[in-house]
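**Student:** Protein sequences, first through last, are from chains A and R.
Once you know that position 15 of the first sequence is 15 in the working numbering, the rest is easy, because the numbers rise by one and skip nothing.
Once you know that position 147 of the second sequence is 1147 in the working numbering, the rest is easy, because the numbers rise by one and skip nothing.
We treat Cβ as the ideally placed atom computed from N, Cα and C, and that holds for glycine.
A quick note: this is a predicted structure, and the numbers were derived from the prediction, not measured.
The following block contains the structure, expressed as structure tokens.
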Amino acid sequence: MKENTQILIELLQKMKRIRAVEETIASRYSEWKMRCPTHLCSGQEAVAAAVGQVLRKDDFAVSSHRAHGHYLAKGGDLNRMIAEIYGKSDGCSSGKGGSMHLIDTSVGFMGSTAIVGGTIPVGVGLALSIKLKKTNQVSCVFFGDGSIEEGVFYESVNFAVLKNLPVLFICENNFYSVYSPLKVRQPENRAIYKMVSGIGCRSEHGDGNNVVDVYDKVNTAVVSIRDGGGPMFFEFKTYRWREHCGHNFDNDLGYRTQEEYLSWKEKDPISAMESYMFKEKYITQNEIDEMQSEIQKEIEKAFEFAEKSPFPNLESALTDIYA
Amino acid sequence: MANKITYAKAINEAMVQAMEMDKSVICYGLGVDDPKGIFGTTLGLKEKFGPERVFDMPTAENAMTGVAIGASLNGIRPVMTHQRLDFFLLAMDQLVNNAAKWHYMFGGKLSIPITIRLLVGRGWGQGPTHSQSFQSWFAHIPGLKVVMPATAADAKGLLLSSIFDNNPVIFIEHRWLHNLVGEVPEGDFRIPIGKAHKLKTGDDITIISLSYMTIEALRAVELLGKQGISCDLIDLRSIAPIDWNMVMSSVKKTGKLLALDTGFGSFSVASEIIARVSMECFSSLKQAPVRIALPDCPTPTSPALAKNYYKRAEDIVNTTRKMLGFSVLPHEESDINRNVPMDIPDKTFTGPF
Ligand SMILES: Cc1ncc(C[n+]2csc(CCOP(=O)(O)OP(=O)(O)O)c2C)c(N)n1
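Below, the structure written as structure tokens:
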């Protein structure tokens, strides 16, 4: 893939766009107009961008509380996402869901929810429907290392393997569940991906901050899943920069060290990709600047859209209860 | 001796007290030993009692409930904590199928002395999966005790009673109560499970309340008092068992019943109160009872929709006035919460206790 400049540029653009959206939310959050719990993914853009690049528009994806990146990379509507965080009527969930409950069925993003592990079986169910309908779509499930601890994860993987379903399991291991480090939740020296392979699911791991690596691995996997090769699990290690929920940094709390945080900042997936593309002359500084300013313009428009969008009328609180 | 402390601190005190008194008390849950310590309620416990008795856990609510059950069968008294009640729904199987009926289905041979602390969220777009107030679900299950303290003193007293009760107890805390300050007795202070608390005495109407709605009710009753309307305000404290004696004797006195709830209206605790009162005190009732609870729809996230969704003192004032044949007050006169934002916990209210 390394030769395909177009894909490289798109990967970089996707990552930069996600980062800029998250950072704009962070910088504007204290205006207190976005009144809902918001889990930002700054630092974790590579996996979302790469998987979003591989998946087709008609593939399915579901995700968790930290879904902005996944939603955007899958093609979700930025205007509607920001409006949703603002609680406005043009929000992708009509203001009823907020940041933790995003949806855009027009691009196969079938929902993200806030209960840890909650969408894992849903993604498997989407895969079952694909198999029943005999299409060659793929169902992608995004989740964190915390989800691995829920029973529903094992039950879902078992079923996916049993029925050889077209599921792509993407675990973003950022080492923390809120402030709880991995080592108080899972045995040390046991790799998640190896354990999953013990269940009988094809399983691999990779550097979640290396967008090209993620792209290559997932791309190969998705080809084989479409071919009827059955489910595939990936563990990608990466790191969340900001606080678990909210717009601040939280290294002062002491649950992780400043050194650890800084060492991960050095592994910024975006700067790494940029330098690589520079070095290989895949992109010029001008092109990068232009890309950035396009992104910024789009984001400004999205915030304007959200600000201008009306609040839902009161009666609509009582609609959508039944279909 | 009593100290003026917050509801959150009162819970912390109860934990310290229980763990000091009894080595078999342990405390675990996601984040109990993290820097925030479950909104301050578990801070310092690990330092005091060590990591064997106070520990974080995997995100595995169902299994960890079963683990508590197993440990309790061998004499341990686990206190489990969940930052949101909603997360605990994953553990309904262990709770309902095992914990609630172990004592019964094995003919009373063993009991399950576990305490499960569940926090109900509200505000700031907590929305459909972070704010559900499901006390009636738990109260519906025979074999479970359910408590919902509204004051700092009750929080401490009921937590200690829960921990040393030999049954599974669901201890429900409303996030908006954590800041509340009140006089809390030091030491081993217990409030019996199953006893309600009459907070105000009056003859015109009986208001039955629970958890955070009690705070709104106190405000309402105060305003109503100024208008010459006197209310019996009963804070249930225990949802299962309920103090029916206090409820019935108040209704017999006033003949009028308004039941408040923090949950959805249908099939709620308020519904049960109204049903029982209607069945047992029908002849005392001078008019149909009324309930104030959440509409039967999931909690919307948008602040615009959450605004009218939650019921406040103003709703209690005007419903009471209507029931007593008075006119509804203009908004300017009845809106006691005027200066209190709709979606952040009320820091202005420090309690009359
Ligand atoms: C069933 C359940 N338990 C607990 C929580 C509280 N919670 C919200 S996010 C989160 C962290 C989960 O960590 P992980 O899956 O690794 O995702 P990350 O936040 O790191 O992206 C937790 C524990 C929840 N939402 N649902």
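1) Please check if any C-beta of chain R sits within less than 9 Å of the C-beta of valine 116 (chain A).
2) From leucine 1110 (chain R) to glutamine 1126 (chain R), what distance separates their C-alpha atoms?
3) Where does the unbroken alpha helix (DSSP H) through isoleucine 85 (chain A) begin, and where does it stop?
4) Cβ closer than 8 Å: which chain A residues qualify as neighbours of glycine 1157 (chain R)?
5) Please go through the same chain and pick out, in chain order, the residues whose beta-carbon is closer than 7 Å to the beta-carbon of threonine 1006 (chain R), but skip the five residues on each side of it.
6) Strictly below 8 Å CB to CB, what residues from chain A border lysine 1036 (chain R)?
7) Please tell me whether phenylalanine 1134 (chain R) has its Cβ less than 9 Å away from any Cβ of chain A.
8) From glutamate 22 (chain A) to isoleucine 1344 (chain R), what distance separates their C-alpha atoms?
9) Please check if any C-beta of chain A sits within less than 9 Å of the C-beta of asparagine 1337 (chain R).
10) Could you say which of A:Gly144, A:Ile7 and A:Arg17 lies nearest to glutamate 300 (chain A) if we only look at CA atoms?
11) Would DSSP call serine 180 (chain A) helix, strand or coil?
12) Can you check DSSP and say which residues form a bridge with arginine 1291 (chain R)?
13) Write down the C-beta distance between histidine 1197 (chain R) and aspartate 1235 (chain R) rounded to the nearest angstrom, noting that I regard them as a contact closer than 8 Å.
14) Taking DSSP as the reference, what is the three-state secondary structure of methionine 1001 (chain R)?
15) Quick check on valine 1221 (chain R): does DSSP put it in helix, strand or coil?
16) Between the stretch 1088-1099 of chain R and the stretch 1219-1237 of chain R, do at least 3 Cβ pairs fall closer than 8 Å?
17) May I have the straight-line CA-CA distance separating phenylalanine 1353 (chain R) from alanine 1155 (chain R), to the nearest angstrom?
18) Are the beta-carbon atoms belonging to proline 231 (chain A) and leucine 168 (chain A) less than 9 Å from one another?
19) Is the Cβ of valine 1301 (chain R) closer than 9 Å to any Cβ of chain A?
20) Looking at C-beta atoms only, is the number of pairs between the stretch 252-264 of chain A and the stretch 215-234 of chain A that lie closer than 8 Å three or more?
21) Determine, for histidine 1331 (chain R), whether the minimum Cβ-Cβ distance to residues of chain A falls below 9 Å.
22) Using a threshold of 8 Å, is the CB atom of alanine 114 (chain A) nearer than that to any non-hydrogen atom of ligand 1?
23) Since lysine 14 (chain A) and alanine 73 (chain A) should fall inside the 8 Å C-beta cutoff, what is the C-beta to C-beta distance between them, to a whole number of angstroms?
24) By Cβ distance, which residues of its chain are closer than 7 Å to alanine 323 (chain A), with the 5 residues on each side in sequence left out?
25) Using the Cα positions of glycine 146 (chain A) and threonine 1059 (chain R), report the straight-line distance between them to the nearest angstrom.
26) What are the partner residues of tyrosine 193 (chain A), as DSSP defines its beta bridges?
27) Would you call aspartate 1034 (chain R) buried or exposed, if buried means 16 or more other Cβ atoms sit within 10 Å of its Cβ?
28) Residues of chain R with a CB under 7 Å from the CB of glutamine 53 (chain A): which are they?
29) Bridge partners for leucine 1043 (chain R) per DSSP, in chain order?
30) So, using beta-carbon positions, are phenylalanine 305 (chain A) and proline 1303 (chain R) closer together than 9 Å?
31) So, does the CB of leucine 318 (chain A) fall closer than 9 Å to a CB anywhere in chain R?
32) What did DSSP end up calling glutamate 204 (chain A) once you bin it into helix, strand or coil?
33) Helix, strand or coil for phenylalanine 1353 (chain R) per DSSP?
34) Taking threonine 1214 (chain R) as the query, report the chain A residues whose CB atoms sit under 7 Å from its CB, ordered along the chain.
35) With a threshold of 8 Å (Cβ to nearest heavy atom), would leucine 1329 (chain R) be considered close to ligand 3?
36) Taking the alpha-carbon positions, what's the isoleucine 344 (chain A) to serine 99 (chain A) distance?
**Tutor:** Answer, in terms of the structure:
1) Against the first sequence, residue 116 (chain A) aligns to sequence position 116. Yes, valine 116 (chain A) lies at the interface with chain R (some Cβ there is under 9 Å from its Cβ).
2) To locate residue 1110 (chain R), count along the second sequence from 1; it is residue 110. To locate residue 1126 (chain R), count along the second sequence from 1; it is residue 126. Each residue's Cα considered, the two are about 39 Å apart.
3) Walking along the first sequence from the start, residue 85 (chain A) turns up at place 85. For isoleucine 85 (chain A), the enclosing alpha helix (DSSP H) has its first and last residue at 78-85.
4) In the second sequence, residue 1157 (chain R) corresponds to position 157, counting from 1. Residues of chain A passing the Cβ test: none, with the nearest at roughly 30 Å.
5) Translated into the one-based positions of the second sequence, residue 1006 (chain R) becomes position 6. Cβ neighbours of threonine 1006 (chain R) beyond the five flanking positions: Ala1152, His1178, Asn1179, Leu1180 and Val1181.
6) Here the question's residue 1036 (chain R) lines up with position 36 in the second sequence. The contacting residues are Tyr179 and Leu253.
7) Residue numbering aside, residue 1134 (chain R) sits at position 134 when the second sequence is read from its first letter. So, not an interface residue.
8) Here residue 22 (chain A) is taken as the residue at index 22 of the first sequence, counted from 1. Here residue 1344 (chain R) is taken as the residue at index 344 of the second sequence, counted from 1. The straight-line gap from Cα to Cα measures roughly 23 Å.
9) If you number the second sequence from 1, residue 1337 (chain R) lands on position 337. By this cut-off, asparagine 1337 (chain R) is not an interface position.
10) Within the first sequence, residue 300 (chain A) is the residue found at index 300, counting from 1. Nearest of A:Gly144, A:Ile7 and A:Arg17 to glutamate 300 (chain A), Cα basis: A:Arg17.
11) For the purposes of this step, residue 180 (chain A) is taken as residue 180 along the first sequence, with counting starting at 1. Strand.
12) By one-based count along the second sequence, residue 1291 (chain R) stands at place 291. Arginine 1291 (chain R) is bridged to R:Ala1259.
13) Taking the second sequence and counting its residues from 1, the one referred to as residue 1197 (chain R) is at position 197. Taking the second sequence and counting its residues from 1, the one referred to as residue 1235 (chain R) is at position 235. About 5 Å; that satisfies the 8 Å criterion.
14) As a first step, residue 1001 (chain R) is located in the second sequence; it is residue number 1 there, counting from the start. Here methionine 1001 (chain R) sits in coil by DSSP.
15) For the purposes of this step, residue 1221 (chain R) is taken as the residue at position 221 of the second sequence. Helix.
16) no
17) Numbered from 1 along the second sequence, position 353 holds the residue referred to as residue 1353 (chain R). Numbered from 1 along the second sequence, position 155 holds the residue referred to as residue 1155 (chain R). Residue placement at phenylalanine 1353 (chain R) cannot be trusted, given a pLDDT of 38 that sits under 50; the coordinates are not used to answer.
18) Stepping through the first sequence from its first residue, residue 231 (chain A) is reached at position 231. Stepping through the first sequence from its first residue, residue 168 (chain A) is reached at position 168. Taking 9 Å as the Cβ cut-off, proline 231 (chain A) and leucine 168 (chain A) qualify as a contacting pair.
19) Locating residue 1301 (chain R) in the second sequence gives position 301, counting from the first residue. A small fix is needed here, since residue 1301 (chain R) is threonine in this sequence, not valine. Taking Cβ atoms only, chain A reaches closer than 9 Å to threonine 1301 (chain R), which makes this a yes.
20) no
21) Here residue 1331 (chain R) corresponds to residue number 331 of the second sequence, with the count starting at 1. So no, histidine 1331 (chain R) is outside the interface.
22) The sequence position of residue 114 (chain A) within the first sequence is 114, counting from 1. Under cutoff, so the answer is yes.
23) The count along the first sequence starts at 1 and reaches residue 14 (chain A) at position 14. The count along the first sequence starts at 1 and reaches residue 73 (chain A) at position 73. The Cβ separation is near 5 Å, so the contact holds.
24) Against the first sequence, residue 323 (chain A) aligns to sequence position 323. Here the set comprises nothing.
25) By 1-based counting over the first sequence, the position of residue 146 (chain A) is 146. By 1-based counting over the second sequence, the position of residue 1059 (chain R) is 59. Each residue's alpha carbon lies about 6 Å from the other.
26) The count along the first sequence starts at 1 and reaches residue 193 (chain A) at position 193. Partner(s): none; tyrosine 193 (chain A) has no beta bridge.
27) What you label residue 1034 (chain R) is simply residue 34 of the second sequence in a count that begins at 1. It counts as buried.
28) Mapped onto the first sequence, residue 53 (chain A) falls at position 53. Chain R residues near glutamine 53 (chain A): none, gap ~29 Å exceeds 7 Å.
29) The residue you call residue 1043 (chain R) lines up with position 43 of the second sequence. DSSP, once it has assigned bridges, lists no residue as partnering leucine 1043 (chain R).
30) Start at 1 with the first residue of the first sequence, and residue 305 (chain A) comes out as number 305. Start at 1 with the first residue of the second sequence, and residue 1303 (chain R) comes out as number 303. No, the pair does not count as a contact, with Cβ atoms beyond the cut-off.
31) Taking the first sequence and counting its residues from 1, the one referred to as residue 318 (chain A) is at position 318. At least one chain R Cβ lies under 9 Å of leucine 318 (chain A).
32) Here residue 204 (chain A) corresponds to residue number 204 of the first sequence, with the count starting at 1. It is a strand residue.
33) Taking the first residue of the second sequence as position 1, residue 1353 (chain R) is located at position 353. Summary for phenylalanine 1353 (chain R): the model assigns pLDDT 38, below 50, so the residue's position carries little reliability; its value from the coordinates is reported in the next sentence. In the structure shown, phenylalanine 1353 (chain R) sits in coil (DSSP, three-state: anything other than H, G, I, E or B).
34) Numbered from 1 along the second sequence, position 214 holds the residue referred to as residue 1214 (chain R). The premise fails here: threonine 1214 (chain R) is roughly 25 Å from chain A at the closest Cβ pair, so nothing lies under 7 Å.
35) For the structure depicted, ligand 3 is absent and the ligand set comprises only ligand 1.
36) Nothing about residue 344 (chain A) can be read from this structure; chain A reaches only from 1 to 323.
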